[in-house]
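This report concerns only the one structure given below.
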Amino acid sequence: MPNMNNHVGPRQQSQSSRRQLLGLAAGLALPLPRSAVASDGPLKFGLTPVFLNNDIELLSKLKDYLSRQTGRDVQLVQRRTYEEITTLLLSGQLTAAWICGYPLVQYPDQLTLLAVPLWNGQPLYSSYLIVSAGRQAGSIEDLRGDLHAFSDPNSNSGYLVTAALFAERGLRPEQFFRQTIFTYGHRNVVRAVASGLAQSGSVDGYVWEVMASLEPALTSKTVVIHRSELLGFPPVACLSRQAKDGDVLIMQRALFAMAGDAGGREVLKLLRLDGFAEEPTSLFDPIAAKMRLVRSLTL
Amino acid sequence: MKSFWRGQESWVPSWSVAVRVPVVVAFLMLAISVMVSNRVLNRLEDTQERNLRELSSAYLDGLSASLIPSVVREDVWEVFDTLDRSRERYRGLNVQWAAVTNSDNRTIAASSPDEFPPLEALPADTVAMFSARQEVLLDESGMQARMMRSLIYQDREIGRIYAVADISALMQERSDTLRELILTNVALTLLLVAFGYYFMRKMLKPVGLLSGYLARSKEGSMSSIPDDVLDREGREFRELFTRYNAMTEAVNEREMLAAELAEEEKLASVGRLASGMAHEINNPLGGMFNALDSLKKYGAREEVRVTSIRLLEQGLSGIRELVRSTLTTYRSDQRPRDLTATDLDDLRLLVKPEARERKLRLDWQIDLEVPVQVPAVPVRDAILNLLLNACHSSQEGGLVGLRAVVQDSKFIAEVSDGGVGLPPHVREYLERKGAGASPLDRRSGLGLWIVKRHCDELNARLEVARSNGNGTTIRLIVPLAGEMEHAA
Numbered sequence: 295m296p297n298m299n300n301h302v303g304p305r306q307q308s309q310s311s312r313r314q315l316l317g318l319a320a321g322l323a324l325p326l327p328r329s330a331v332a333s334d335g336p337l338k339f340g341l342t343p344v345f346l347n348n349d350i351e352l353l354s355k356l357k358d359y360l361s362r363q364t365g366r367d368v369q370l371v372q373r374r375t376y377e378e379i380t381t382l383l384l385s386g387q388l389t390a391a392w393i394c395g396y397p398l399v400q401y402p403d404q405l406t407l408l409a410v411p412l413w414n415g416q417p418l419y420s421s422y423l424i425v426s427a428g429r430q431a432g433s434i435e436d437l438r439g440d441l442h443a444f445s446d447p448n449s450n451s452g453y454l455v456t457a458a459l460f461a462e463r464g465l466r467p468e469q470f471f472r473q474t475i476f477t478y479g480h481r482n483v484v485r486a487v488a489s490g491l492a493q494s495g496s497v498d499g500y501v502w503e504v505m506a507s508l509e510p511a512l513t514s515k516t517v518v519i520h521r522s523e524l525l526g527f528p529p530v531a532c533l534s535r536q537a538k539d540g541d542v543l544i545m546q547r548a549l550f551a552m553a554g555d556a557g558g559r560e561v562l563k564l565l566r567l568d569g570f571a572e573e574p575t576s577l578f579d580p581i582a583a584k585m586r587l588v589r590s591l592t593l
Numbered sequence: 004m005k006s007f008w009r010g011q012e013s014w015v016p017s018w019s020v021a022v023r024v025p026v027v028v029a030f031l032m033l034a035i036s037v038m039v040s041n042r043v044l045n046r047l048e049d050t051q052e053r054n055l056r057e058l059s060s061a062y063l064d065g066l067s068a069s070l071i072p073s074v075v076r077e078d079v080w081e082v083f084d085t086l087d088r089s090r091e092r093y094r095g096l097n098v099q100w101a102a103v104t105n106s107d108n109r110t111i112a113a114s115s116p117d118e119f120p121p122l123e124a125l126p127a128d129t130v131a132m133f134s135a136r137q138e139v140l141l142d143e144s145g146m147q148a149r150m151m152r153s154l155i156y157q158d159r160e161i162g163r164i165y166a167v168a169d170i171s172a173l174m175q176e177r178s179d180t181l182r183e184l185i186l187t188n189v190a191l192t193l194l195l196v197a198f199g200y201y202f203m204r205k206m207l208k209p210v211g212l213l214s215g216y217l218a219r220s221k222e223g224s225m226s227s228i229p230d231d232v233l234d235r236e237g238r239e240f241r242e243l244f245t246r247y248n249a250m251t252e253a254v255n256e257r258e259m260l261a262a263e264l265a266e267e268e269k270l271a272s273v274g275r276l277a278s279g280m281a282h283e284i285n286n287p288l289g290g291m292f293n294a295l296d297s298l299k300k301y302g303a304r305e306e307v308r309v310t311s312i313r314l315l316e317q318g319l320s321g322i323r324e325l326v327r328s329t330l331t332t333y334r335s336d337q338r339p340r341d342l343t344a345t346d347l348d349d350l351r352l353l354v355k356p357e358a359r360e361r362k363l364r365l366d367w368q369i370d371l372e373v374p375v376q377v378p379a380v381p382v383r384d385a386i387l388n389l390l391l392n393a394c395h396s397s398q399e400g401g402l403v404g405l406r407a408v409v410q411d412s413k414f415i416a417e418v419s420d421g422g423v424g425l426p427p428h429v430r431e432y433l434e435r436k437g438a439g440a441s442p443l444d445r446r447s448g449l450g451l452w453i454v455k456r457h458c459d460e461l462n463a464r465l466e467v468a469r470s471n472g473n474g475t476t477i478r479l480i481v482p483l484a485g486e487m488e489h490a491a
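Same order as they appear, the protein sequences are chains V and U. The numbering of the first sequence is the working numbering, which starts it at 295 and goes up by one. The numbering of the second sequence is the working numbering, which starts it at 4 and goes up by one.
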């Protein structure tokens, strides 16, 4: 069970997170403070269905790596939706979770940034708008009246970015599209568009690119017609009030150490990532701005 | 069947048993093949249909269970995802497409969204392809299995699953099975036909052997089948061959006896002829001795001397004629020569003693100007026997006639008598071709047998032109030498 004793206010946590992480990185060899002593129970690491729905090998290697690195039993917790994972995290049932930038900015007071993956050397990615291959669609305007596939209502790249794109024009997605569906997985968005179930979709650019190298037959049935600006990569976060718990810190330390470990590199290779880094929460400010834009239209 | 195999219009009347049996085997195999193939295909069809129905049912059960929550929510993605995944899971069913509709029969999602887009009504002609009464409808011509199931949730129909499976693989399996059956049966039939032919040939070999021996017997005396050949055969044919050999012995014995009898008859007839000749010679002898006496006593008288010498000359001439014709008939060193009118005229002298004894009249009509191209000796011998027979058959004072002519390249000699006619079996014996192989019976008819033997040698035939209470006319017809060669 996570240590509930070391309670820190959300705002305070948010402001001081970067400094804490830097301090942690500097003092890796030092004994943890008393309040940060790890508990005995298993570490629970939540995973949103980013793209690795079926990758048993990856999950197994990630679990092995985290267990070995933390010296603790690690449980990987998966749920179908972002919301379920976020709720588990918010309710203190997870040590940490790999969530999305959107839930992080939705709960700035409750959640604290632990680490951000590096893709192509940067903690950044973008959202893609895709259509079926062979379709004559040059601009977003051509997608009017489509059945559009979103990934998850709490996904940045799979919903928020596209919703913000329309909010800029004073539209809600359901006003522009004939119908929208949620597939609860970026890979599912690609499947929906590739099969013709949906005429267009909003998908995580990182997921689409990785799929293009792993499943070219599937992605070749889709075409990217719009790429968003670069945004903060889906981060690993923890409950702010547990940010100084030993369990959280050893988890964070394990993530940072991944690129320097052979087993960790195997995991990163499967994920096509370079490693995990400490980044400022401000990295996600553009996502927060998009959220506010969309909310301004719907609320 | 009788007309099929034996009727005149049958198309296999002359086929040998060695061919007929394999043909019957082939027909039987064909009938069996058709029957067995039909049964196998029916069973295969039943099994395939049952399997298909079970698989379809399992498919629909599985889909229903996973789909109902999504259909209640009309969750397009979940329905599509379920259908898409089921395609892999039920690969054996080979589903072409599947669509799930809501209670308004609008498509929630289909496995092929291009064909059946979400939210649109399923086309009426598509819906009409399915049966409301039958969950699985087989369309064998279209090679499709059409499945439809209502999705019931809390006693209400919330939607339907429509699916079409490709069953061409099943049809292919049927045609493959049929092809395999045909090939196997054809191969089996050919094998059995070949075996049948081979074994029938092998089994009938002894029959051919026996037939060969029988055929050879026509050319001469019958020969027995050697013991080593006999021992090679199975029990049935060994028995048959043993019986054949017994029969051969009996026939040969009978032939030998008949030949002996013929010899005896010949001797007897020679005796008769000799006695007749003695009689003929004796008749003028009395007159000649009287003439000699007259010469002795009254030789000095001119008229007595002249008369006696004439009488002596006449008597000696008669004796010389008789001796000459006898020599001509019975000389053994004669070379084959053509028949002349003189040969037939001589016969008159030879039968004369017999005729005189019975007070018969002889009527000779020989119409031959040049030698006839038929062997003189056997023809004359045959006619002599017919004439002697005619003399025996005729009643006292009757008429025995010989008429000879050449007509249509054939020499024809007609011997007639004034007897009571021929018994039917004798007439049949005379007219039957090849009857010369054996005598009419052991005790009589040896003269006729000699005639028949000559006929067989000469390729001649006998005709009974007349046979009634007033007499008999037997016609001997001999083809001329040129004709025989031509005929040969």
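Just so it is clear, CB atoms sit at the ideal spot from N, CA and C, and this is done for glycine as well.
Please confirm whether U/D128 has its beta-carbon closer than 8 Å to some beta-carbon of chain V.
no
Could you tell me which residues DSSP puts in a beta bridge with U/E163?
The amino acid occupying residue 163 of chain U in the given sequence is Arg; Glu does not appear at that position. Answer is U/T104, U/S153, bridged to U/R163.
At least three beta-carbon pairs within less than 8 Å, the stretch 252 to 264 of chain U to the stretch 282 to 298 of chain U:
By the Cβ test, the stretch 252 to 264 of chain U is not in contact with the stretch 282 to 298 of chain U, since fewer than three Cβ pairs between them sit closer than 8 Å.
According to a CB-to-CB cut-off of less than 8 Å, which residues of the stretch 75 to 91 of chain U neighbour chain V?
D78, V79, W80, F83, D84, D87
Helix, strand or coil for V/Q546, going by three-state DSSP, please let me know.
helix
For V/Q309, I'd like the list of residues in its chain whose CB is within less than 7 Å of its CB, leaving aside the five on either flank, ordered along the chain.
Legend: pLDDT at V/Q309 = 37, less than 50; position of this residue unreliable, value from coordinates given subsequently. Result list for V/Q309: empty, nothing under 7 Å.
Please report whether the beta-carbon of U/I112 lies at a distance below 8 Å from any beta-carbon of chain V.
It is Ala, not Ile, that sits at residue 112 of chain U in the sequence shown. Judged by the 8 Å Cβ criterion, U/A112 is in contact with chain V.
Quick one: is V/T477 near chain U, going by C-beta distance under 8 Å?
yes
With a threshold of 8 Å between beta-carbons, can V/A571 be considered close to chain U, or not?
no
Check U/A379 in the structure and name its three-state DSSP category.
helix
Beta carbon of V/L525: closer than 7 Å to some heavy atom of the ligand NAD?
Among the components of this structure there are no ligands whatsoever, and the ligand NAD is therefore not found.
Measure from the alpha carbon of U/Q99 to the alpha carbon of each residue in U/A166, U/N462, U/L44, U/T85, then state which is nearest.
U/A166
From U/T129, U/M150, U/M146, residue whose alpha carbon lies closest to that of U/R136
U/M150
Spatial neighbours of U/L63 within its chain, please: C-beta separation below 8 Å, excluding the five flanking residues on both sides.
E138, M150, R152, I164, A166
Any beta strand (DSSP E) of 3 or more consecutive residues that is wholly inside the stretch 442 to 488 of chain V
473 to 476
I'd like the list of long-range same chain contacts for V/A391, defined as Cβ closer than 6 Å, with 5 residues on each side in sequence excluded.
G340, I379, L383
Determine, using beta carbons only, whether V/N482 comes closer than 8 Å to chain U.
yes
To which residues does DSSP link V/V497 through a beta bridge?
V/Y422
Examine chain V for any beta-carbon lying closer than 8 Å to the beta-carbon of U/L154, and answer yes or no.
no
Quick one: which chain V residues come within Cβ less than 8 Å of U/D117?
G490
Using only the alpha-carbon positions, how far apart do V/G490 and V/T375 sit?
23 Å
Helix, strand or coil for V/P417, going by three-state DSSP, please let me know.
coil
Supposed close pair U/S114, U/L86 - CB separation, criterion 8 Å
4 Å
Indicate whether at least one CB of chain U lies closer than 8 Å to the CB of V/L549.
Not one chain U Cβ lies under 8 Å of V/L549.
For a cutoff of 8 Å on Cβ pairs, would you count V/L326 as touching chain U?
For V/L326, the predicted model reports a pLDDT of 47, less than 50, meaning its position is unreliable; a value from the coordinates is still stated below. It does not; no Cβ of chain U falls within 8 Å.
Which runs of the alpha helix (DSSP H) fall wholly inside the stretch 376 to 418 of chain U and span at least 4 residues, in chain order?
379 to 396
Return the bridge partner residues of V/L405 from the DSSP annotation.
V/L533
4 or more residues per run - each alpha helix (DSSP H) lying fully within the stretch 254 to 280 of chain U:
none
What are the boundary residues of the alpha helix (DSSP H) that U/P121 is part of?
Taken as a continuous stretch (DSSP letters only), U/P121 belongs to no alpha helix (DSSP H), as it is neither H nor E.
According to DSSP, is U/F133 part of a helix, a strand, or is it coil?
coil
For my contact list, V/Y419 and V/V518 are in at a C-beta cut-off of 8 Å; report their separation, rounded to the angstrom.
Not a contact, Cβ separation roughly 13 Å.
Just to confirm before moving on: does the CB-CB distance between U/L402 and U/S470 stay below 8 Å?
no
Please identify the residue among U/K436, U/L55, U/N248 whose C-alpha is closest to the C-alpha of U/D142.
U/L55
Measure the CB-CB distance between U/E160 and U/I111 and report whether it falls below 8 Å.
no
Is U/T50 buried or exposed, if buried means 16 or more other CB atoms sit within 10 Å of its CB?
exposed
Taking V/L512 as the query, report the chain U residues whose CB atoms sit under 9 Å from its CB, ordered along the chain.
Per Cβ cutoff of 9 Å: no residues; V/L512 is ~12 Å from chain U at best.
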